[in-house]
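Take a look at the structure below.
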RNA sequence: GGUACCAUGGCCGAGGGGCUAGGCAGAGGUCUGCAAAACCUUUUACGGCGGUUCGAAUCCGUCUGGUACCUCCA
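Residue numbers (the working numbering): 3 to 504.
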């Protein structure tokens, strides 16, 4: 393979080593990346947007660098249980009974909603989007492998991973820093654990209770796969026994990813994942936004500006926020930091984003100077360096603001940019803002139809006549009236511009 | 209680031993009939207490506060 890779300086924070490591794919130029996707049993909310967007950036940047990336993201449509359900009821099954739908119908409904929201957020579809329900056979195969290796046991039709045995032979807790002794000392008494030899063990296969309607035949019982197995089965199937990146939310580190490491180690007899990446949570008033806390805001609520009220009867969101505002807001924080939601922060993001878009649009209108007073080439390199430093999108955005300031200064005649500079600046925006950060201009500043344009030109012409006659009362009346219906006028040297405010 | 991590100016957020982060908001100015936009200037900072160091927001200790996870929520 002689594909050219544009950098060898990409560093990524590996949760496994808790350090930034130079990214070196196992089989360059190919990169395998697996990311934990959504459980499709509820409306997609802001918490879903973060990992999707974060790993969309990783996907886009690796491709930009010249890697051939296979990005696999799962859809969990089986086997996960309600937190507060007394009898360990399958999440999908529970919802199905409530709504009188087939489980797969529920999964399909929310999967479609998820896709719709992600498309709006300009999140690229993964190379493979694998569904847990479509990989039951693969999951059963892994259970067999682990049983054969002696690291699992059958108990009353269910199969459990033997964590105690594993911890004697391997380092249990490499990812999360936990050790088995502490866990045994502090474990809580939970129902349904009598089948386990040890509370630290986790299920590989679970026999279905009578009311459990999602079930499959297996050598052990009519049941469903354990909760950490699907990711192991599907990542192994599509990316192999060793692959480069496994991503997901920080909340998945333990036990989900820790269990995956155990399963992989025994099933493949190797350390399957080279780099573990974890995105941090979106918080609201300092608390994780999640379904279990009931403090989540769905993406549709953001897009439409209609939110449910919180416990004090206060609206959670003040206005509609466009998908790109949400995306920009998320990218203004590094993926490894918590990001606190507030209306003020979102509105700040919206204004900043529009500023970049306006500067980009201005680029096409600038006339190149014969000479240049600026060194714009370093901006491109600065953006590249920021991305190479563990996908530091806030720094990239800071550099883009610098680029927009230069564009505006040139527009004001304060500095000179030659043709090459303009091309470089356009390239900076095209490459980083649009290709890598995945932003897109969503609001048309000009009219969609000729009629709108013609009417606006007529109104602007009338106002111009008023101004020439020094009839500012009429001129201001026209401008104010247009403002009221959401149209903003700007008097510039070249004439009056108009745009539609959201 | 255990494990992992966090604490930066009015708000959101980078950075991480000496070098302006950035955005939003505020103040002043340039331009304009007035606005808007843009540009220029500008105020507010690294939770408390110790320590290491010529020098700490950055390293170490400790205290306080907060978050996530602790195995059938992904």
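The C-beta atom is built at its ideal place from N, Cα and C for all residues, glycine as well.
According to DSSP, is residue i part of a helix, a strand, or is it coil?
i           : result
residue 205 : strand
residue 464 : helix
residue 448 : Because residue 448 carries a pLDDT of 49, less than 50, the predicted location of this residue cannot be relied on, and the following value inherits that uncertainty. Of the three classes helix, strand and coil, the one that applies to residue 448 here is coil, per DSSP.
residue 251 : strand
residue 374 : coil
residue 352 : helix
residue 384 : helix
residue 415 : coil
residue 154 : strand
residue 25  : coil
residue 223 : coil
residue 89  : Because residue 89 carries a pLDDT of 42, less than 50, the predicted location of this residue cannot be relied on, and no value is offered for it.
residue 443 : coil
residue 344 : coil
residue 132 : strand
residue 471 : coil
residue 486 : helix
residue 140 : helix
residue 366 : coil
residue 455 : helix
residue 392 : coil
residue 360 : helix
residue 281 : strand
residue 573 : The shown model of the chain, from 3 to 504, leaves out residue 573, and the question about it has no answer.
residue 115 : helix
Would residue i be called buried (16 or more neighbouring beta carbons within 10 Å of its own) or exposed?
i           : result
residue 479 : exposed
residue 248 : buried
residue 127 : exposed
residue 52  : buried
residue 142 : buried
residue 152 : exposed
residue 274 : buried
residue 350 : exposed
residue 15  : buried
residue 272 : exposed
residue 58  : buried
residue 246 : buried
residue 21  : exposed
residue 506 : Outside the shown range of the chain, which is 3 to 504, sits residue 506, and nothing can be said about it.
residue 230 : buried
residue 440 : buried
residue 85  : Any reading at residue 85 must be qualified, since the residue scores a pLDDT of 37, below 50, and its modelled position is unreliable; the value itself is stated next. Label assigned to residue 85: exposed.
residue 29  : exposed
residue 78  : buried
In the DSSP assignment, what are the bridge partners of residue i?
i           : result
residue 408 : Beta-bridge pairing links residue 408 to no other residue.
residue 493 : 498
residue 72  : 34
residue 289 : 286
residue 163 : 154 and 204
residue 14  : 23
residue 41  : 78
residue 275 : 245
residue 420 : 371
residue 311 : 317
residue 229 : Its beta-bridge partners do not exist; DSSP assigns none.
residue 47  : 300
What residues in its chain sit with their C-beta under 8 Å from that of residue i, if we drop five residues either side in the sequence?
i           : result
residue 492 : 498, 499, 500 and 501
residue 50  : 40, 116, 119 and 301
residue 403 : 354, 357 and 358
residue 481 : 465 and 491
Leaving out five residues before and five after residue i in sequence, what residues of the same chain have Cβ atoms less than 7 Å from its Cβ?
i           : result
residue 169 : 182
residue 401 : 381, 384, 385 and 388
residue 436 : 442
residue 332 : 51, 52, 55 and 341
residue 319 : 299, 303, 304, 307, 309 and 345
residue 43  : 93, 94, 97, 108 and 112
residue 18  : 176, 177 and 278
Just to check my reading of the structure: residue i and residue j have Cβ atoms closer than 8 Å, yes? What is that Cβ distance to the nearest angstrom?
i           : j           : result
residue 95  : residue 215 : 5 Å
residue 282 : residue 339 : 6 Å
residue 210 : residue 224 : 6 Å
Within a Cβ cutoff of 6 Å, which residues of the same chain sit near residue i, ignoring the five residues on either side of it in sequence?
i           : result
residue 89  : Note that residue 89 has pLDDT 42, beneath the 50 cutoff, so the model's placement of it is unreliable and the number below is only indicative. None.
residue 286 : 297 and 343
residue 1   : Limits of the chain in this structure are 3 at one end and 504 at the other, which puts residue 1 out of reach.
residue 218 : 138
residue 145 : 161, 206 and 207
Cβ-heavy atom distance between residue i and the ligand SAM below 8 Å?
i           : result
residue 221 : Here there are no bound small molecules, and the ligand SAM is not part of this structure.
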